[in-house]
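So, in structure tokens, the structure goes:
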């Protein structure tokens, strides 16, 4: 829900011009907290002391903008948490585990009488908030969005000081989580009579070529007397044309209370939201009282229908869709957990290139802007709750998630939890899951509920959950079932693979190198009894109509969980894309069977000096009908492509050119791998060259090390220095190596197997942006971008 045009409501982005400093987790004297020699905010209202106080001198603190993740800026240490990528943060590093943020802002005197609040998209973690020395409360979770009322504590017509203390010394997950205010912050101003936060809920009933859209609106009266008002609801299509209108008059809400009001708006011939045509609508809600508009909001939604069928899988708008998904954490090279909105879009686009149509938010609520991007791009989402339980704390966080996200058409399943090993196979787990499922249905009866189950099949979670979420075929097998057997015993329960595969592989590596913690990138079976290779897993799901689809662990590599290694590995190499988003070979297996595009992918590279005469395993991922392989013009044989499988040849290495020629529906296709020369130059390219000068847009720059003929050298590891001029900032660098200890923040990075990445973000100034890259003994490169 956002501010609409011509609305008294204001929603102001507060990301710019913060002050930041590290505190201390165990020593108050180093945590900007002076010895208690008088009153504090614990004893008297508004007596925030130390860094909490309005008049605290923060001029020596670092100046920065949000989103911000200070953990990604820290060095690596063997004493750090394995699961969090060995960053020097946590209980062993009290000096790095507390972060303080302060922001000064002014308000006009005319704001007196309005209701003013501050909204945080997410702070990791255990955050406490003060305004002008007044303590506003604490939020333990690092993933839930939350807001705080500021109205009574503000200086109207003067300066205000917002303070946030973040304690990241404790973990919530077992994966990299970042640290700090890593999502957006908004200042919201409304009249006392206004639409509640997340106070609209839009649902659709579709029949033939018409839809009945129900708009449920919660109105809050924070004034001192009862208010009478009118509500007008307008639905706008993607072109901004009004397609439906409804009005309710003479409504009322008593002072200090709230009321819910419903209107049904018929829409004729609506454009439906789908994966291929993600058409969106807007609900404009206008509240009028005393002859003037007191609030107006916009809620983006999609008109669509969803259904999970126990025998036939998932249906979107009445059409069968096999869900081809990936699981993903909120982590990217160079920026950590503080992923800019434009980079969220870019990441989704990379997954869609390989046929992915679904994402499971593992294992926590995502940033709202991620869901906005999924809505626009046509990506189906499984929205996941962080922690299971039935206390008030758990209920409040589940409610916050659902009320915040329930208008997103991309969200098709609520997942109430993940792999709760201690309770998932018993009666306690069944009771917890039943209660949370009931809560979810009360908050949103339009979507089904799932739960990612890793064990205890036949008991606990699996007995009560609406849509069974399967984490790994091997785990079900260990419980004594196959999916066919489970389906036969539970014919009315839909099934989705919430997590599959988990095979570790390193981009561009084709022989294991344990000393460097690198694993070959062939689609090999994991060395465990629960995971599987891509080919085995997808073949299983693709050939069973009752399975709705599956999500692969994972789409992108991520920091932490350096499976199967420990130190010095610092990341988990289980993605089909590395941490920069560069594809591994397995991504092309999926593209072969997840998309209708012709695919002919040949690997490995053909730079095997020192292995002359030795056999190299050559693979092809393709959806061609047949493929013939050639080495230096000599045919090595033709093979027929078996659906859902790969092709393989054993080839004695000789330098030169390896060529694969495929035929698909009578059309020829060809691809090749050549033995390259030594590194000679750098090549820079960006996903786009025209950017918005809004301090948010960015370019993802691919850095390639090439030979004299312009071919990427697939073994190159040259260190590359960057120089940036113009109205932009280099906000992060990476290379996709899960064992690389080079900093993500800086002006240099080594290539890994020929590739590196630089992320360039605009400022508010328009102009020419020039990125230069150089390295000893290589010809440098220059990339020119423009912002306006």
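Residue numbers (our numbering): 37 to 824. Built from N, CA and C at the ideal position, the CB exists for glycine as well. Model, not experiment: these values are computed from the prediction.
Determine whether the beta carbon atoms of residue i and residue j lie at a separation below 7 Å.
i, j, result
"residue 585", "residue 388", "no"
"residue 324", "residue 332", "no"
"residue 246", "residue 304", "yes"
"residue 461", "residue 492", "yes"
"residue 593", "residue 565", "no"
"residue 455", "residue 507", "yes"
"residue 284", "residue 296", "no"
"residue 403", "residue 451", "no"
"residue 70", "residue 96", "no"
"residue 417", "residue 446", "yes"
"residue 360", "residue 630", "yes"
"residue 440", "residue 224", "no"
"residue 591", "residue 421", "no"
For the beta strand (DSSP E) containing residue i, name the first residue and the last one.
i, result
"residue 675", "670-676"
"residue 475", "Unbroken run through residue 475 is the alpha helix (DSSP H), 463-479; no beta strand (DSSP E)."
"residue 704", "703-710"
"residue 181", "From DSSP, residue 181 is part of no beta strand (DSSP E); its letter is neither H nor E."
"residue 419", "416-420"
"residue 317", "317-325"
Does DSSP put residue i in a helix, a strand or coil?
i, result
"residue 109", "helix"
"residue 688", "strand"
"residue 779", "coil"
"residue 639", "strand"
"residue 311", "coil"
"residue 537", "strand"
"residue 333", "strand"
"residue 630", "helix"
"residue 610", "coil"
"residue 142", "strand"
"residue 130", "helix"
"residue 587", "strand"
"residue 360", "strand"
"residue 119", "helix"
"residue 499", "helix"
"residue 371", "coil"
"residue 350", "strand"
"residue 188", "helix"
"residue 269", "strand"
"residue 797", "strand"
What residues in its chain sit with their C-beta under 6 Å from that of residue i, if we drop five residues either side in the sequence?
i, result
"residue 128", "115"
"residue 52", "101"
"residue 788", "771, 772 and 773"
"residue 861", "A question about residue 861 goes unanswered here, because the residues of the chain that appear run from 37 up to 824."
"residue 260", "291"
"residue 808", "759 and 818"
Over the uninterrupted alpha helix (DSSP H) stretch that includes residue i, give me the two end residues.
i, result
"residue 430", "428-441"
"residue 511", "509-514"
"residue 406", "404-413"
"residue 10", "Outside the shown range of the chain, which is 37 to 824, sits residue 10, and nothing can be said about it."
"residue 381", "377-389"
"residue 548", "Per DSSP, residue 548 belongs to no alpha helix (DSSP H) and is neither H nor E."
"residue 523", "519-525"
Should residue i be labelled buried (16 or more other beta-carbon atoms within 10 Å of its own) or exposed?
i, result
"residue 823", "buried"
"residue 740", "buried"
"residue 826", "Because the chain spans 37 through 824 in this model, residue 826 falls outside it and cannot be assessed."
"residue 186", "buried"
"residue 263", "buried"
"residue 538", "buried"
"residue 150", "buried"
"residue 667", "buried"
"residue 383", "buried"
"residue 75", "exposed"
"residue 393", "buried"
"residue 703", "exposed"
Within its chain, find whatever has a CB closer than 7 Å to the CB of residue i; leave out the 5 residues flanking it on each side and keep chain order.
i, result
"residue 273", "279, 307 and 317"
"residue 233", "183"
"residue 778", "785 and 786"
"residue 302", "246, 248 and 280"
"residue 122", "112, 113, 114, 116, 603 and 606"
Chain D beta carbons: is any one of them nearer than 7 Å to that of residue i?
i, result
"residue 314", "Within the model displayed, chain D is absent; a lone protein chain is all it includes."
Does any heavy atom of the ligand ATP sit closer than 6 Å to the C-beta of residue i?
i, result
"residue 550", "In the structure shown, the ligand ATP is absent, as is every other ligand, since no ligand is present at all."
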